Amino acid sequence: MNRFSCKAFLFDLDGVLVDSNAVVERAWRRWADRHQMNAEELLLTIHGRRAVETIRDVAPALDVEAEAQWLLQTEIEDIEGLKALDGAADLLASLPPERWAVVTSGTLALAKVRLETCGLPLPRTFVTAEQVRNGKPDPEGYLKGAELLGVDPTECIVFEDAPAGIEAARKAGARVIGITHTYPAAQLQRAHSCISTLRALQVRDDGERFEVQCEDIRQIA
């Protein structure tokens, strides 16, 4: 059993609180088809990163901002298959709103659509693609999230589903719990612990700190 103590939680959105994989992959497949690119290869690179950075890597000659806007609008309009991940609603409902934030590689508009569609509460504090100069694996987003909550990043637990996000959280100085929704546990080795669902957490709030326990599925395996 792994045990952690912290003052605040920082949540990635996609693959941690909501299951949006089908929507994301549909949008990127359409984008790949538009540009005669290999969709299967592209899908290996997209999770946990801002769209502008992926596009800049794979198609730097294109108008990166315009292409990212096309992808954004495509994802906003497509809500088929979106759902809250197991345990997300109960966990968020149990947390004081001033002690958690969502840190996502997506935009604010997209984050709100996904949370509302899934029936999850909107946080008081968001860090989205518009607010950072550097996306994950750069730690800027998680550093900003901790700052907005008024907490040192070393006093935060981050929940992530992608290697890029785990690396960002570690560089920020936070502890990271990986969720095996998008990647298998073998690809989340840099996380301090690894669980298959948020329902696997035991969280106790003493008013100032959270005491967190979870069974690391990598140790069970």
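Take the sequence shown: its position 20, counted from the start at 1, is 20 in the UniProt record's numbering, and no numbers get skipped.
For each residue, glycine too, the CB sits at the ideal point set by N, CA and C.
Every value quoted in this text rests on a predicted model; they were computed, and no experiment measured them.
Whole-angstrom distance between residue j and residue i, CA atom to CA atom
i    : j    : result
E65  : Q187 : 30 Å
D19  : I79  : 11 Å
T117 : A84  : 9 Å
I76  : T104 : 15 Å
Q73  : D206 : 42 Å
T197 : A88  : 9 Å
C194 : D57  : 29 Å
L115 : A101 : 13 Å
I179 : E155 : 20 Å
N2   : Q202 : 10 Å
C214 : C6   : 14 Å
L149 : L10  : 10 Å
Residue i burial status per 10 Å Cβ neighbour count (16 or more: buried)
i    : result
K153 : Residue identity check: residue 153 is Pro in the sequence provided, not Lys. Buried: at least 16 other Cβ atoms inside 10 Å.
R199 : exposed
D63  : exposed
H181 : buried
R34  : exposed
C-beta neighbour in chain B for residue i, strict 7 Å
i    : result
R170 : Protein chains in the displayed structure number just one, and chain B is not present.
Identified DSSP bridge partners for residue i
i    : result
R204 : E211
R3   : Q213
*4 or more residues per run - each alpha helix (DSSP H) lying fully within the segment 80 to 138*: 88 to 94, 108 to 117
*Check whether the segment 158 to 168 touches the segment 38 to 48, taking contact to mean three or more Cβ pairs, one atom from each stretch, closer than 8 Å.*
yes
*Note down, one range per segment and in chain order, each beta strand (DSSP E) of at least 3 residues found wholly within the segment 8 to 37.*
8 to 11
*Would you mind listing the alpha helix (DSSP H) stretches within the segment 142 to 213 that are 4+ residues and don't spill past its ends, in chain order?*
163 to 172
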